Amino acid sequence: MSAQQLDGPLESGSSFPARLTARVVTPGERPLVHGYDVEGDLARHYQPSDLLFLLLMGELPPAPASRAFSVALMFLSPVSVAHASTHAAVVGRLCGAPASSTFGVAAIGAAEHARALLDDHAELFPWLRAPRGSLPERFRARDASDLAAVQRLELALEPTGLAVPALAERPSRDAALLMVLFAVGFKRRERLEAAIMLARLPSGIAEALAERPTNFGNYPINLPRFAYTESP
Amino acid sequence: MNLPELTHETRTAHWGWHEHRYFGQRVFEQLAGQETLTGLTILSVLGRRLAGDASGVVDDAACTLTLADPRIWPLKLTRLIAAYGSTLPAAAAGLLSEEDARIGPWTTAKGAELLLAFDAEIGDRVDETETVRAIVKAYLDEHRFVWGFGTPFRGEDERLVAFRACIRQRERESLRFWRLMDAISAVVREARGTEPNMGIAIAAAFLDLGLTPHQVGSLTSALMQHMFLAHAVEGSAQGASLRELPATYVEFVGHAPRPSPRAEDQ
Numbered sequence: 185m186s187a188q189q190l191d192g193p194l195e196s197g198s199s200f201p202a203r204l205t206a207r208v209v210t211p212g213e214r215p216l217v218h219g220y221d222v223e224g225d226l227a228r229h230y231q232p233s234d235l236l237f238l239l240l241m242g243e244l245p246p247a248p249a250s251r252a253f254s255v256a257l258m259f260l261s262p263v264s265v266a267h268a269s270t271h272a273a274v275v276g277r278l279c280g281a282p283a284s285s286t287f288g289v290a291a292i293g294a295a296e297h298a299r300a301l302l303d304d305h306a307e308l309f310p311w312l313r314a315p316r317g318s319l320p321e322r323f324r325a326r327d328a329s330d331l332a333a334v335q336r337l338e339l340a341l342e343p344t345g346l347a348v349p350a351l352a353e354r355p356s357r358d359a360a361l362l363m364v365l366f367a368v369g370f371k372r373r374e375r376l377e378a379a380i381m382l383a384r385l386p387s388g389i390a391e392a393l394a395e396r397p398t399n400f401g402n403y404p405i406n407l408p409r410f411a412y413t414e415s416p
Numbered sequence: 003m004n005l006p007e008l009t010h011e012t013r014t015a016h017w018g019w020h021e022h023r024y025f026g027q028r029v030f031e032q033l034a035g036q037e038t039l040t041g042l043t044i045l046s047v048l049g050r051r052l053a054g055d056a057s058g059v060v061d062d063a064a065c066t067l068t069l070a071d072p073r074i075w076p077l078k079l080t081r082l083i084a085a086y087g088s089t090l091p092a093a094a095a096g097l098l099s100e101e102d103a104r105i106g107p108w109t110t111a112k113g114a115e116l117l118l119a120f121d122a123e124i125g126d127r128v129d130e131t132e133t134v135r136a137i138v139k140a141y142l143d144e145h146r147f148v149w150g151f152g153t154p155f156r157g158e159d160e161r162l163v164a165f166r167a168c169i170r171q172r173e174r175e176s177l178r179f180w181r182l183m184d185a186i187s188a189v190v191r192e193a194r195g196t197e198p199n200m201g202i203a204i205a206a207a208f209l210d211l212g213l214t215p216h217q218v219g220s221l222t223s224a225l226m227q228h229m230f231l232a233h234a235v236e237g238s239a240q241g242a243s244l245r246e247l248p249a250t251y252v253e254f255v256g257h258a259p260r261p262s263p264r265a266e267d268q
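So the sequences go chain by chain: A and B.
When you line the first sequence up against this note's numbering, it's residues 185 to 416, in that order.
When you line the second sequence up against this note's numbering, it's residues 3 to 268, in that order.
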């Protein structure tokens with residue numbers, strides 16, 4: 185049967201380009217990222233975290249930002265199964281889904297986790313752009329464990345040479361990490377969200393891969409116990 | 003170790019021994035053999051069944067919404083993922099692109115919010131032409147973009163024309179939000195020259211069924227899944243042809259080739 189010749193809004197009266205536009209990665213045999221030769225240059229002189237920075241920001245990071253970005257990624261990376269994002273990836277694995285589908289679940293979880301973190305810290309960024317007065321109370325360290333984590337972050341940042349004056353405000357661990365990302369140049373929300381998501385994704389995937397597919401008997405099915413109610 | 007029990011309330015479902023519950027309904031006794039897929043979808047989004055011809059309105063919406071040309075962006079997205087050979091990840095990717103997006107089913111939720119905002123101002127004065135004009139024009143003065151209006155590539159939304167015929171046939175054109183939509187549309191048409199689209203029509207019809215804006219968006223998303231599934235099924239069976247375009251079909255407009263600072267230092 186031959187294809188029918190139908191007419192519609194996309195056949196006539198509208199004009200679209202014939203080619204797709206590439207803006208970051210040059211297509212072809214020898215890929216360039218934002219103009220840099222990946223195989224002949226970046227692979228010899230830079231770390232994967234620098235390539236991630238370049239992809240998201242369009243420029244390679246200066247040395248202090250490069251090291252501080254690595255530190256931030258390291259601190260952001262661990263996300264235990266206590267978190268819904270990693271927990272969901274583990275449940276995907278339990279279901280016996282193909283690995284690629286489990287990775288997809290982990291990616292959605294990590295993206296949503298990052299979005300929620302930035303939603304919770306939406307008011308932090310105006311303060312970081314124009315830090316008048318002290319840090320809003322809700323972004324301050326809540327306990328000794330939070331303070332200790334920020335001290336470890338400051339220690340890890342020390343050799344990088346990057347100054348993050350906002351850390352003196354005794355922020356929470358999450359707020360401190362956002363301050364570091366902001367200081368290395370991540371000012372736009374979408375890019376921050378991407379960096380956080382990408383830092384956390386491997387945790388979800390790794391925790392899922394450590395679980396055995398269909399190992400239902402070892403999964404706490406009543407955590408939490410969903411209490412069914414018919415009340416409106 | 004004894005742990006305190008963590009509990010979480012749900013109205014959705016419970017797995018029993020010989021009978022299951024779904025939003026207060028006994029599955030085998032009250033749903034099996036009696037309820038349709040549309041009715042189940044309504045129950046899933048609203049947590050209750052709707053009386054009268056509500057299911058018919060929802061079916062009319064689903065049918066007239068069926069614009070599934072694979073060149074339409076969210077469906078194209080599904081088609082691209084399907085090129086790797088799996089069906090449900092492709093459908094899921096399409097679903098992911100919907101919530102809070104500028105096109106697609108979630109625009110009905112935005113349209114519903116707009117209609118509720120106008121309803122709060124206009125109230126029972128929907129037949130007072132000058133009152134409606136003043137309120138809508140004041141809104142237009144402050145908003146360049148208006149959810150639910152605009153019909154790209156054509157003069158009017160043919161889906162709305164077909165849906166309106168269904169609504170007329172069901173004698174629902176005189177209901178509160180449908181009338182409000184028509185009243186607002188007259189002012190937007192006069193001021194901007196743009197026509198209402200299917201998004202605001204679905205919003206009006208579903209508000210007239212008693213849905214909230216979030217329910218309007220969720221239900222409309224559910225009603226559009228057949229299109230994503232169709233492309234996921236067909237696309238995953240078609241093989242790899244969409245996996246990589248020939249380089250001649252891609253134009254690079256980014257940064258010119260350059261050496262890195264560390265390469266230059268060497």
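We treat Cβ as the ideally placed atom computed from N, Cα and C, and that holds for glycine.
A quick note: this is a predicted structure, and the numbers were derived from the prediction, not measured.
- Against chain A, the beta carbon of Leu33 (chain B) has no neighbour under 9 Å; the closest one sits roughly 15 Å away.
- Taken in chain order, the complete alpha helix (DSSP H) segments of 4 residues or longer contained in the region 177-241 of chain B are 178-194, 200-209, 215-225 and 227-240.
- Shown here for Thr80 (chain B): same chain residues with a beta carbon closer than 8 Å to its own, the five before and five after excluded, namely Ala92, Ala93, Ala95, Gly96, Phe230, His233, Ala234 and Gly237 in chain order.
- In its chain, beyond the 5 residues on either side, Thr133 and Val134 have a beta carbon closer than 8 Å to the beta carbon of Arg127 (chain B).
- As computed with DSSP, Arg23 (chain B) is found in a beta bridge with B:His16 and B:Arg28.
- Rounded to whole angstroms, Ser285 (chain A) and Val208 (chain A) show a C-alpha spacing of 27 Å.
- Scanning the region 25-66 of chain B for uninterrupted alpha helix (DSSP H) segments of 4 residues or longer gives 39-48 and 56-66, listed from N- to C-terminal end.
- For Arg170 (chain B), no beta strand (DSSP E) run applies; the uninterrupted alpha helix (DSSP H) run containing it begins and ends at Glu160 to Gln171, by DSSP.
- According to the DSSP secondary-structure assignment, Glu307 (chain A) is paired through a beta bridge with no residue.
- Around Glu11 (chain B), the beta-carbon contacts reaching into chain A at under 7 Å are Ala411 and Thr413.
- Per DSSP, Glu374 (chain A) is one residue of the alpha helix (DSSP H) stretching across Arg373 to Leu393.
- Boundaries of the alpha helix (DSSP H) harbouring Tyr141 (chain B): Thr131 to Glu144, taken from the DSSP string.
- Against Ala249 (chain B), the close residues of chain A are Pro211 and Gly212, in the order they occur along the chain (beta-carbon pairs closer than 7 Å).
- Look at the beta carbons and you see the region 244-263 of chain A touching the region 337-352 of chain A: at least three pairs across the two are nearer than 8 Å.
- Residue environment for Glu100 (chain B): buried (at least 16 other C-beta atoms within 10 angstroms of its C-beta).
- Nearest CB-CB separation between Ile380 (chain A) and chain B: not below the 8 Å threshold.
- Taking C-alpha positions only, Ala298 (chain A) is separated from Arg326 (chain A) by approximately 20 Å.
- The C-beta distance from Val218 (chain B) to Thr110 (chain B) rounds to 5 Å, short enough to meet the 8 Å contact threshold.
- Between Ile44 (chain B) and Gly113 (chain B), the C-beta spacing is not below 8 Å.
- Here Ser262 (chain B) is near Leu244 (chain A), since their CB atoms are less than 8 Å apart.
- The continuous stretches of alpha helix (DSSP H) do not include Leu204 (chain A), which lies in the beta strand (DSSP E) extending over residues Leu204 to Ala206.
- If you ignore the 5 residues before and after Gln27 (chain B), its C-beta comes within less than 6 Å of the C-beta of Leu33, all in its own chain and listed in chain order.
- Of all residues in the region 221-234 of chain A, only Asp221, Asp225, Leu226, Arg228, His229 and Tyr230 place a beta-carbon less than 8 Å from a beta-carbon of chain B.
- Three or more beta-carbon pairs separated by less than 8 Å link the region 159-168 of chain B to the region 66-80 of chain B, which places the two stretches in contact.
- Within chain A, the C-beta atoms nearer than 7 Å to that of His16 (chain B) come from Tyr412, in chain order.
- B:Ala193 is the residue among B:Pro259, B:Ala193, B:Arg172 and B:Glu144 whose C-alpha sits nearest the C-alpha of Gly152 (chain B).
- The C-beta of Arg203 (chain A) comes closer than 8 Å to at least one C-beta of chain B.
- With a threshold of 8 Å between beta carbons, His20 (chain B) makes no contact with chain A.
- Taking 8 Å as the cut-off, the beta carbon of Asp55 (chain B) is found closer than this to the beta carbon of Arg172 (chain B).
- The region 403-416 of chain A and the region 287-298 of chain A do not touch, with fewer than three beta-carbon pairs separated by less than 8 Å.
- If you look at Phe410 (chain A), you'll find it in the beta strand (DSSP E) that goes Arg409 to Tyr412.
- Assigned with DSSP and collapsed to three states, Asp221 (chain A) falls in strand.
- Along the region 249-265 of chain B, going in chain order, the ones with a CB nearer than 7 Å to a CB of chain A are Ala249, Tyr251, Val252, Glu253, Phe254, Val255, Gly256, His257, Ala258, Pro259, Arg260, Pro261, Ser262, Pro263, Arg264 and Ala265.
- In chain order, Val252, Glu253, Phe254, Val255 and Gly256 make up the part of chain B whose C-beta sits under 8 Å from the C-beta of Ala206 (chain A).
- In this structure Phe323 (chain A) is in contact with Ser356 (chain A), their Cβ atoms being roughly 6 Å apart against a cut-off of 8 Å.
- The beta carbons of Ala383 (chain A) and Leu257 (chain A) sit closer together than 8 Å.
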